[in-house]
Every structure is written in structure tokens, then in C-alpha cells.
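Chemist: Heads up: the sequence shown begins at 0 in numbering that gives the first Met the number 0, then just goes up one per residue.
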Amino acid sequence: MKITVHSQSDENMTFTLEGVDVAYANALRRLMMGEVPTMAIEDVTIFKNDSVLYDEIIAHRLGLVVLKTDLDSYKLTPKGEERIASPEYELKLSLQVEGPKNVYAKDLLSKDPAVQPVYGDTLLVKLLEGQSLELEATAVLGTGNTHSKWSPGLIWYSYEPVIKVNNKLLVDDIRGDYPPQIFAADGTIDVKKISTPQLVDACANVHPDVVDITYNTDAFRFTVESFGALRANDIVLQAITAFEGQLTTFEKLVKEL
Numbered sequence: 000m001k002i003t004v005h006s007q008s009d010e011n012m013t014f015t016l017e018g019v020d021v022a023y024a025n026a027l028r029r030l031m032m033g034e035v036p037t038m039a040i041e042d043v044t045i046f047k048n049d050s051v052l053y054d055e056i057i058a059h060r061l062g063l064v065v066l067k068t069d070l071d072s073y074k075l076t077p078k079g080e081e082r083i084a085s086p087e088y089e090l091k092l093s094l095q096v097e098g099p100k101n102v103y104a105k106d107l108l109s110k111d112p113a114v115q116p117v118y119g120d121t122l123l124v125k126l127l128e129g130q131s132l133e134l135e136a137t138a139v140l141g142t143g144n145t146h147s148k149w150s151p152g153l154i155w156y157s158y159e160p161v162i163k164v165n166n167k168l169l170v171d172d173i174r175g176d177y178p179p180q181i182f183a184a185d186g187t188i189d190v191k192k193i194s195t196p197q198l199v200d201a202c203a204n205v206h207p208d209v210v211d212i213t214y215n216t217d218a219f220r221f222t223v224e225s226f227g228a229l230r231a232n233d234i235v236l237q238a239i240t241a242f243e244g245q246l247t248t249f250e251k252l253v254k255e256l
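1) Using alpha carbons as the reference points, say which of 4, 16, 144, 104 lies closest to residue 125.
2) Would DSSP call residue 110 helix, strand or coil?
3) Would you please state the rounded distance, in angstroms, between the beta carbons of residue 143 and residue 32? I believe it to be under 8 Å.
4) Would you report the Cα separation of residue 89 and residue 27, rounded to the nearest angstrom?
5) Less than 7 Å separating the beta-carbons of residue 228 and residue 15?
6) Where does residue 32 sit, in a helix, a strand or coil, going by DSSP?
7) If contact is defined by three or more beta carbon pairs under 8 Å, each pair taking one atom from either stretch, is the region 71-89 in contact with the region 240-255?
8) What does DSSP give as the partner residue(s) for residue 138 in the beta ladder?
9) Please identify the residue among 139, 130, 102, 123 whose C-alpha is closest to the C-alpha of residue 111.
10) CB residue 212 to CB residue 151, shorter than 7 Å?
11) Would you say residue 54 and residue 45 are within 7 Å of each other, going by their C-beta atoms?
12) Under the rule that 16 or more other beta-carbon atoms within 10 Å means buried, what is residue 231, buried or exposed?
13) How do the region 201-208 and the region 169-180 stand: do at least 3 beta-carbon pairs fall below 8 Å, yes or no?
14) On the DSSP letters alone, give me the boundaries of the alpha helix (DSSP H) that residue 237 sits inside.
15) Can you tell me where the beta strand (DSSP E) holding residue 161 begins and where it ends?
16) Does the Cβ-Cβ distance between residue 69 and residue 113 come in under 7 Å?
17) Do residue 117 and residue 106 come within 7 Å of each other at the CB atom, strictly closer than that value?
18) Does the separation of the CB atoms of residue 134 and residue 19 fall below 7 Å?
19) Where does residue 222 land, buried or exposed, given buried means 16+ other C-beta within 10 angstroms?
20) Quick check: what's the CA-CA separation for residue 164 versus residue 9?
21) In whole angstroms, what separates the C-alpha of residue 201 from that of residue 6?
22) Let me know the secondary structure DSSP gives residue 177 once reduced to three states.
23) State yes or no: is the C-beta of residue 237 within less than 7 Å of the C-beta of residue 35?
24) Could you check how far apart the C-beta atoms of residue 127 and residue 98 are, in whole angstroms? I think they sit under 8 Å.
Written out as C-alpha cells, the structure reads:
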């Protein structure tokens, strides 16, 4: 197995995985989307709501607020067990505001400074003069297989593109058929600039004699876009840890047969 990282930041990561088959690649993708835990609001107790939105709608909007996740400080409730009312398993957030005011995610008061809304300007509700909203929310760790609000990001892969460029056949009449992002300063097509799946798709089958794109079916180009709860590389590492845990459990069950 070989991994080549092409780009990496807290929000995005692209890498190529070689030496595995499509079943392994898809399993890794599904683990990243469905088995990596993040924090999200699960329960909401509303004490007062004078807004135009029903309690259920406000609770739903709160559940979709992306929370920065600290995996070292919280535990995931084991499957099939009741959640323990403990700071290790849940986090309380409160909201008490009066109108006229636009209520944003940043108005939520968290008992843990490390766990805050990632996008503070997310609008929750608009309060008019004389209206108020008071509530307490409980955030817990969960996984995307339970509900999409716990999914850490968007993850996809494709076969690794093999790109060949013949600039000798690039004439002015066909330049406009290609995205401007792929051209170098001297006006030629720079193969290194065809660096995203979108640009690959935009160049494929346009003029195969100029830009020829084939695919290596033994290598997979992964793109990880984090929603912000976790860093992109942490999503990958957590998925690998989950994979190892599942394989260990499987091995134990087989030995018990």
C-alpha cells in the first residue's frame, strides 16, 4: 500500500491510495462518512419561545449547527446503551435572548470553550420586538451512520487520472474549449494545473489528441472536505482507527466459531 498526499489543510485533503482494490477504497470512504464521531446537538429543552418558528423547527436547526469536536474530552455512548448524564458523554449549551434580534449560532453559550459552533453566523431565528427565546441544548458524540448531522464531511474518490498533454496540437481555435485555470503564463497547458476532479472532468474527451486522460484502476484519488468539526486529516486517521477496531472484532468472532 502506498499513500501520496497532494494537498492538505484543516478543511480539505486530497491523496492517492495505491495497492488496494475498489472494495477497500469504498470501505474507507464509508468509514470516514459514517463511523467517525463528531459532536452535534441531540436534545433541546425549550423554556420559552415567542418566535414565529415552532419548537420542533428550532430544535431541528440547532441539530444542524456544526460544532468543533474535541475527541479527547468526550466518549461515544456504546451502541444499545443509554447515554450517561456525565460531562464525559454530553455537553450543555444554553441560549437566552430577547428581540428585536437576529439569533445566530454564536449566541449559544457552551460550557466547554473547546466546543463551539464552527460557523457562528449561522442564522437560527429572527426575533421581533417583545419576543424572546430561552432553551438548553445537549450535544453528544455520534456517527453519520446514526444521523447525517454527525457526518464529519464530504468524502469521495475516483480512479487516479493519468494525464498526457500535447501542446504542439494546441491551436487558438480550441483554447476556449478548456478551463482557463489549466493554462500556464506562456499560454500552454500545464498538466500540473489539472489538479482537481472538476478540472479533470472538464478536460476529458474535449480534444483527446491535445489532452489525453486515462485512469489507473489500481490507484484511487480521495478528496476529503471537512464540515469543520474535525480537521480533514483527523477524519482519515479516525476512519483508519475504526477500521482496525472492526477488523479486530471480526477476527475475534471468527476465532470463537
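Yeah, the Cβ is synthetic: ideal placement off N, Cα and C, and Gly gets one too.
Modeler: The structure says:
1) In the sequence shown, residue 125 corresponds to position 126, counting from 1. Nearest C-alpha to residue 125: 104.
2) Mapped onto the sequence shown, residue 110 falls at position 111. Coil at residue 110, not helix or strand.
3) On the sequence shown, residue 143 is found 144 positions in, with the first residue counted as 1. On the sequence shown, residue 32 is found 33 positions in, with the first residue counted as 1. Yes, they are in contact, since the Cβ atoms of residue 143 and residue 32 sit about 5 Å apart, within 8 Å.
4) Working through the sequence shown from its first residue, we reach residue 89 at position 90. Working through the sequence shown from its first residue, we reach residue 27 at position 28. Their Cα atoms are separated by approximately 28 Å.
5) By one-based count along the sequence shown, residue 228 stands at place 229. By one-based count along the sequence shown, residue 15 stands at place 16. For the 7 Å CB-CB criterion, residue 228 and residue 15 do not form a contact.
6) By 1-based counting over the sequence shown, the position of residue 32 is 33. Three-state DSSP puts residue 32 in a helix.
7) Taking 8 Å as the limit for Cβ pairs, the verdict is that the region 71-89 does not touch the region 240-255.
8) Position 139 of the sequence shown, counting from 1, holds the residue named residue 138. Answer is 40, 90.
9) Sequence index remark: in the sequence shown, residue 111 carries index 112 (1-based). For the residues 139, 130, 102, 123, the minimum Cα distance to residue 111 belongs to 139.
10) Position 213 of the sequence shown, counted from the start, is the residue given in the question as residue 212. Position 152 of the sequence shown, counted from the start, is the residue given in the question as residue 151. Their beta carbons are not under 7 Å apart, which means residue 212 does not touch residue 151 by this criterion.
11) The sequence position of residue 54 within the sequence shown is 55, counting from 1. The sequence position of residue 45 within the sequence shown is 46, counting from 1. If you check the CB distance, residue 54 and residue 45 come in under 7 Å.
12) One-based indexing of the sequence shown puts residue 231 at position 232. Buried is the call here.
13) Between the region 201-208 and the region 169-180 there are three or more inter-stretch CB-CB distances shorter than 8 Å, so the stretches are counted as touching.
14) Against the sequence shown, residue 237 aligns to sequence position 238. Segment 231-254, the alpha helix (DSSP H) holding residue 237.
15) Residue numbering aside, residue 161 sits at position 162 when the sequence shown is read from its first letter. 152-164 is the extent of the beta strand (DSSP E) around residue 161.
16) The count along the sequence shown starts at 1 and reaches residue 69 at position 70. The count along the sequence shown starts at 1 and reaches residue 113 at position 114. Against a cut-off of 7 Å, the Cβ pair of residue 113 and residue 69 comes out as a contact.
17) As a position in the sequence shown, residue 106 is number 107, starting the count at 1. As a position in the sequence shown, residue 117 is number 118, starting the count at 1. No.
18) On the sequence shown, position 135 is the one that residue 134 refers to. On the sequence shown, position 20 is the one that residue 19 refers to. No, they are not a contact pair.
19) Here the question's residue 222 lines up with position 223 in the sequence shown. With 16 or more other Cβ atoms within 10 Å, it is buried.
20) Counted from its first residue, the sequence shown places residue 164 at position 165. Counted from its first residue, the sequence shown places residue 9 at position 10. Residue 164 and residue 9: Cα-Cα distance of roughly 32 Å.
21) To locate residue 201, count along the sequence shown from 1; it is residue 202. To locate residue 6, count along the sequence shown from 1; it is residue 7. Inter-residue distance for residue 201 and residue 6 is about 20 Å (C-alpha atoms, whole angstroms).
22) If you number the sequence shown from 1, residue 177 lands on position 178. Note: residue 177 maps to coil in three-state DSSP.
23) Sequence index remark: in the sequence shown, residue 237 carries index 238 (1-based). Sequence index remark: in the sequence shown, residue 35 carries index 36 (1-based). In this structure, residue 35 lies closer than 7 Å to residue 237 by Cβ.
24) Along the sequence shown, read from residue 1 onward, the residue named residue 127 stands at position 128. Along the sequence shown, read from residue 1 onward, the residue named residue 98 stands at position 99. Sure, about 5 Å apart at Cβ, within 8 Å.
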